[in-house]
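Every letter in the sequence shown is one number past the one before it in the UniProt record's numbering, and letter 167, counting from 1, is 167.
In this text, a Cβ means the ideal position worked out from N, Cα and C, and glycines have one as well.
Down below is the structure, laid out as structure tokens.
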Amino acid sequence: MSRTNGALEVIALGQIARDLAVLVDDLPGPHGTTPVRERRELLGGKGANQAIAMAQLGLRPGLVGVTGDDAVADRLLEQLAGDGVDPTWVVRRPGTATGLVVDVVDRCGGWHYLEDLPPEVLLCVTDLADAASALAEAETVVIQLQQPTEVALTAARMARRGVARVVLDGAPQDGAHRAPLLAEADVLRADHHEAELLIGRPLDGVGDTVRAAKELLKCGPGLVVLDAGQDGNVLAWDGGEVVVPLADVVVVDTTGAGDAFVAGLVAGLARGAGPERAGRLATAAAALTVGRLGGRPHLTVLGLVEQMARLDGRGWET
Ligand SMILES: Nc1ncnc2c1ncn2[C@@H]1O[C@H](COP(=O)(O)OP(=O)(O)O)[C@@H](O)[C@H]1O
Ligand SMILES: [Mg+2]
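In structure tokens:
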């Protein structure tokens with residue numbers, strides 16, 4: 001799969017941020033105090049998490065995203081490169097503090113995010129100029145939709161000038177470019193809440209989620225992957241559908257599991273897997289992430305294979 005011209009296999013477009021994850025027994029009420037049981041300070045943000053997870057699965061990713069021009073950015077960019085992600089197209093915004101996400105997790109695994117992600121740390125269309133040829137040359141471009149929709153659409157069109165498989169993660173931030181954006185997508189993946197936003201109604205159960213996935217197929221993507229809550233994840237494509245159940249693992253914090261899921265899906269498809277197998281790889285990658293505090297993925301190919309074997313024993317529903 002590696003290319004002789006040095007082009008990257010995957011470009012991820014999305015947030016890069018400082019990620020502070022803390023585990024507490026219970027959230028304090030107003031004026032209350034509670035001790036922190038565990039804390040992690042990590043390189044985070046969905047774009048960075050997805051890119052790192054893809055590197056851990058043996059792909060060669062680059063990241064398009066925005067940091068500030070502070071010392072935090074120096075640290076995060078160094079970490080990103082150390083994690084095997086090409087940081088060439090990360091924009092350092094002058095006079096800006098790097099984004100921050102605080103992830104407070106209670107003992108039941110309930111997360112509470114505090115986000116300092118002002119517009120300056122989101123991408124704008126002009127930020128994409130330097131990345132245009134990389135987007136066109138990549139084999140896969142993963143666009144995380146918590147960036148402005150106009151940026152997502154521009155990036156998808158740049159990718160379309162080349163050969164890239166365009167993967168969208170999430171739901172568009174506004175309706176203005178929704179239809180043209182979905183029309184550019186090869187793969188659309190969404191968590192449960194995002195799936196409801198995409199389809200414009202509440203989704204009740206796995207059958208309803210399968211119907212929603214089939215409706216979304218008509219908007220352009222060749223593969224739609226929707227989180228159906230405790231029922232697992234639905235994959236629908238022209239001529240088929242499958243529901244991949246969740247793994248039976250202890251859940252500490254689901255943060256970043258969606259990012260690992262996307263990475264597993266992309267790695268599977270990039271290596272020629274069909275939708276079912278790619279969905280199982282994605283589920284295995286998510287399962288390897290939910291047991292840890294914070295969003296940073298810790299995937300290994302061996303871990304994925306072991307988790308896949310456990311999933312295989314659980315059978316399939318269609
Ligand atoms: N036990 C589990 N086994 C496998 N996948 C899981 C499990 N628990 C949650 N997941 C998956 O993790 C993903 C979480 O996605 P998402 O909410 O987008 O996370 P984030 O955006 O924080 O990365 C979903 O696709 C969900 O199905
Ligand atoms: Mg998500």
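Runs of beta strand (DSSP E) with 3 or more residues, each lying fully within the segment 187–259, are found at 187–190, 223–227, 233–237 and 240–244, listed in chain order.
One residue list follows from the rule of a beta carbon closer than 6 Å to any heavy atom of ligand 1, given in chain order as 191, 227, 233, 246, 247, 249, 251, 254, 255, 256, 257, 258, 259, 261, 283, 286, 287 and 290. Judged by DSSP secondary structure, residue 95 falls outside any alpha helix (DSSP H); it is assigned neither H nor E. By the CB criterion at 8 Å, residue 282 and residue 295 fall outside the cutoff. In the structure shown, residue 62 adopts extended strand secondary structure according to DSSP, grouped into three states. Distance from the CA of residue 47 to the CA of residue 13, rounded to the nearest whole angstrom, comes to 6 Å.
Note on geometry: alpha-carbon atoms of residue 213 and residue 291 lie some 28 Å from one another. In this structure residue 175 is exposed. Its beta-carbon is surrounded by fewer than 16 other beta-carbon atoms within 10 angstroms. Counting along the chain, the unbroken beta strand (DSSP E) around residue 38 starts and ends at 38–44. The alpha carbon of residue 117 has as its nearest neighbour, out of 223, 235 and 15, the alpha carbon of 15. Secondary structure of residue 86 (DSSP, three-state): strand. Collapsing the DSSP output to three states places residue 21 in a strand. Under DSSP, the beta-bridge partners assigned to residue 144 are 169.
If you ignore the 5 residues before and after residue 177, its C-beta comes within less than 7 Å of the C-beta of 149, 150 and 153, all in its own chain and listed in chain order.
C-alpha of residue 105 to C-alpha of residue 253: approximately 7 Å in a straight line. If you draw a straight line from the Cα of residue 110 to the Cα of residue 144, it comes to about 23 Å. About 6 Å separates the Cβ atoms of residue 55 and residue 83, confirming a contact at the 8 Å cut-off.
Cβ-Cβ distances below 8 Å link residue 28 to 34 in the same chain, with the five nearest sequence neighbours on each side left out; the list follows chain order.
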